[in-house]
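Below is one structure; the comments refer to it alone.
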Amino acid sequence: YSLQAVCRGLPMMFMGTETHQDKWWNVDEQHKMNWNFVENHDPLAKQMMNLVAAANKLRLSFPSLTDDHAPVRFCHLDYQNRVLGFVRGSLLVVLNCSESQWEGRDYEVQTDSVNRKFKQVFNSQAAEFGGWEASWSSADRNLSSSVHARLPVNLPKWSVTVYERQE
Numbered sequence: 301y302s303l304q305a306v307c308r309g310l311p312m313m314f315m316g317t318e319t320h321q322d323k324w325w326n327v328d329e330q331h332k333m334n335w336n337f338v339e340n341h342d343p344l345a346k347q348m349m350n351l352v353a354a355a356n357k358l359r360l361s362f363p364s365l366t367d368d369h370a371p372v373r374f375c376h377l378d379y380q381n382r383v384l385g386f387v388r389g390s391l392l393v394v395l396n397c398s399e400s401q402w403e404g405r406d407y408e409v410q411t412d413s414v415n416r417k418f419k420q421v422f423n424s425q426a427a428e429f430g431g432w433e434a435s436w437s438s439a440d441r442n443l444s445s446s447v448h449a450r451l452p453v454n455l456p457k458w459s460v461t462v463y464e465r466q467e
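For the sequence shown, our numbering gives the first residue as 301, with consecutive numbering after it.
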């Protein structure tokens, strides 16, 4: 869902995604939404609902994420590690589509900005979503790109991370 929230178009939920419902695609008309996940404060449902809420808040906080005519510029393509980076407005979005992860800010993302400050504003693997606190790139979430426009980051596995370029 995090990826949908930062891409063009309208992000959509599918068959209980927001609460980790089981038995998707069930054609039995008696199969209904299991509200126990929400009412009984199921930990996985809570984490997923937190993620959906945070992704929606991110989307609504940055006009470039809701403008289907705003340009999307791909700036980082790492086929070997299955990592993609693109820019929408003032945001750098990094998608890690693999089991690999990098800690200690030892992964460098190519940006379109030389010697610029960035602030990490979203991390789909944050603790409140079922990930871990150390998956953030820095404690204060402030980072700087190099003279070669590369940004050193922590890159959690199977993640969407978003960085706002500071003016």
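Note that CB positions come from ideal geometry on N, CA and C, so glycine has one too. Quick caveat: nothing in here was measured; it's all calculated off a predicted structure.
Distance from the CA atom of residue 402 to the CA atom of residue 453, rounded to whole angstroms, is 8 Å. A residue is called buried once 16 or more other Cβ atoms fall within 10 Å of its Cβ, and residue 380, having fewer, is exposed. Between the beta-carbon of residue 443 and that of residue 420 there is about 7 Å, and that keeps the pair under the 8 Å contact cut. The region 370-384 makes contact with the region 394-401, as at least three CB pairs between them are under 8 Å.
For residue 452, the enclosing beta strand (DSSP E) covers residues 450-455. Secondary structure note for residue 414: it is in no alpha helix (DSSP H), with a DSSP letter that is neither H nor E. The shortest CA-to-CA distance from residue 318 to any of 351, 309, 368 is the one to 351.
Counting C-beta pairs closer than 8 Å gives fewer than three between the region 352-367 and the region 433-449, which falls short of the contact rule.
In this structure, the alpha-carbon of residue 404 lies about 15 Å from that of residue 461.
In this structure, the beta-carbon distance from residue 328 to residue 336 does not fall below 9 Å.
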